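Report on one structure; see the data block that follows.
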Amino acid sequence: MAEPHRTLFHLAGRVAFVTGAASGIGRAIALELGRCGAQVACADINAAGAVDTVAQLGDLGATGLAAPVDVTDYAAVQQALAFVRQRLGPVSILVNAAGWDVPERFVDSQPATWQRLIAINLMGVIHTTHVALPAMLDAGYGRIVNIASDAGRVGSSGEAVYSAAKGGVIAFTKTIARETARRGITVNCVCPGPTETPLLARFTEMNPKLVDALRRAIPMGRLGQPADVAPAVAFLVSDGAGYITGQTLSISGGLVMS
Ligand SMILES: NC(=O)c1ccc[n+]([C@@H]2O[C@H](COP(=O)([O-])OP(=O)(O)OC[C@H]3O[C@@H](n4cnc5c(N)ncnc54)[C@H](O)[C@@H]3O)[C@@H](O)[C@H]2O)c1
3 MAEPHRTLFH LAGRVAFVTG AASGIGRAIA LELGRCGAQV ACADINAAGA
53 VDTVAQLGDL GATGLAAPVD VTDYAAVQQA LAFVRQRLGP VSILVNAAGW
103 DVPERFVDSQ PATWQRLIAI NLMGVIHTTH VALPAMLDAG YGRIVNIASD
153 AGRVGSSGEA VYSAAKGGVI AFTKTIARET ARRGITVNCV CPGPTETPLL
203 ARFTEMNPKL VDALRRAIPM GRLGQPADVA PAVAFLVSDG AGYITGQTLS
253 ISGGLVMS
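So the sequence shown is numbered by my numbering: it starts at 3 and just counts up by one.
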């Protein structure tokens, strides 16, 4: 049994649906929410990875279940949320961390890649939000955090369509925040800076000098870790963050300041 975790945020009694929970940032968020007392549905296209995260939740003394889902498929998202509601109860916390990217100059990229980038990074968020929101509106309570990217705010070479999708996520977040602000629901974005995950490894494997260049550019002098991102998400989904909505928070060691 792990050491009892000290946390400022109390999520006992809440059910969280975390997409991308099989890996990287989504997994760290799932574990952090579990430490705070939430029951966590680990939603991911990678079913085996989601099961691993659930096992790690168990090691922490937290409760979770794997909810295999392809977020690009609206019907599958409906099924996954219905399954979680049936097993754990109504979902009051939604965290959209599923994402995908491939480094490529825009002129060299192809429509099939653009469609996949938009389907996962933007439509995935739209799908889960549309399915989860009615129950939050009925309950008069909800917390949504979308993991966007500073690429969606300041652009990023080699990530044109990904940046467009993340910019779309930020705009979508603000609009849903406005539409739900009087209904007990908050909707915010978190923008990780370069964070050591399998997604970033696709970039650094293609360009090994990138890691040093990023370290030099980041004021804190190091890349982010998934665990750097998770506590901010736990805060934003907590009761105490109830007067914060429509915001975009960079977690980047100072790389992007706003
Ligand atoms: N790592 C970074 O430097 C960085 C920076 C900014 C933003 N982000 C964002 O953070 C989020 C998490 O990324 P990460 O770096 O942890 O990457 P990751 O590759 O480690 O994790 C992404 C997860 O999303 C899942 N996923 C992909 N397509 C899916 C689909 N169709 N349906 C359901 N799940 C799907 C993958 O299986 C994986 O478990 C993403 O939204 C990413 O865009 C990452």
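Every residue, glycine too, gets a C-beta built ideally from N, C-alpha and C. Everything numeric in this text was worked out from a predicted model, so none of it was measured.
Rounded C-alpha distance that separates residue i from residue j
| i | j | result |
| --- | --- | --- |
| Gly195 | Ile120 | 20 Å |
| Pro233 | Leu212 | 27 Å |
| Asp12 | Ser240 | Note on identity: in this sequence residue 12 is His, with Asp being the wrong assignment. Using only the alpha carbons, I get a separation of about 7 Å. |
| Ala84 | Arg29 | 21 Å |
| Ile31 | Val109 | 35 Å |
| Ala134 | Gly154 | 24 Å |
| Ala203 | Gly248 | 30 Å |
| Val192 | Val171 | 10 Å |
| Thr74 | Tyr245 | 31 Å |
| Arg118 | Val147 | 22 Å |
| Asp1 | Val156 | Shown here, the chain extends from 3 to 260; a query on residue 1 therefore has no answer. |
Reduced DSSP secondary structure (H/G/I, E/B, other) of residue i
| i | result |
| --- | --- |
| Gly66 | strand |
| Leu1 | The structure shown does not extend to residue 1, since the chain is modelled only from 3 through 260, so no value can be given for it. |
| Arg145 | strand |
| Met3 | Residue placement at Met3 is poorly supported in this model, since its pLDDT is 46, which falls under 50; the coordinates still yield a value, given next. In the structure shown, Met3 sits in coil (DSSP, three-state: anything other than H, G, I, E or B). |
| Ile47 | coil |
| Gly256 | coil |
| Ile187 | strand |
| Gly226 | strand |
| Ser240 | coil |
Same chain only: Cβ atoms within 7 Å of residue i, ignoring 5 sequence neighbours per side
| i | result |
| --- | --- |
| Gly255 | Gly195, Ile220, Pro221, Met222, Arg224 and Gly226 |
| Ser94 | Arg16, Val17, Met138, Ala141, Tyr143, Gly144 and Arg145 |
| Met259 | none |
| Arg185 | Leu139 and Gly142 |
Same chain only: Cβ atoms within 8 Å of residue i, ignoring 5 sequence neighbours per side
| i | result |
| --- | --- |
| Arg217 | Gly223, Arg224 and Leu225 |
| Leu59 | Ala32, Leu33, Gly36, Val42, Cys44, Thr65 and Gly66 |
Kindly confirm or deny that the stretch 121-129 and the stretch 98-109 touch, where touching means at least three C-beta pairs closer than 8 Å.
-> yes
Completely contained alpha helix (DSSP H) runs for the stretch 71-135, where each covers 4 or more residues = 76-90 and 113-120
Please go through the stretch 190-217 and give each complete alpha helix (DSSP H) segment of 4 or more residues, from N-terminal end onward.
-> 200-208
Answer yes if the stretch 63-75 comes into contact with the stretch 42-54, meaning at least three C-beta pairs across the two stretches below 8 Å, and no otherwise.
-> yes
What residue ranges within the stretch 8-46 form continuous beta strand (DSSP E) runs of no fewer than 3 residues, ordered along the chain?
-> 17-21 and 41-46
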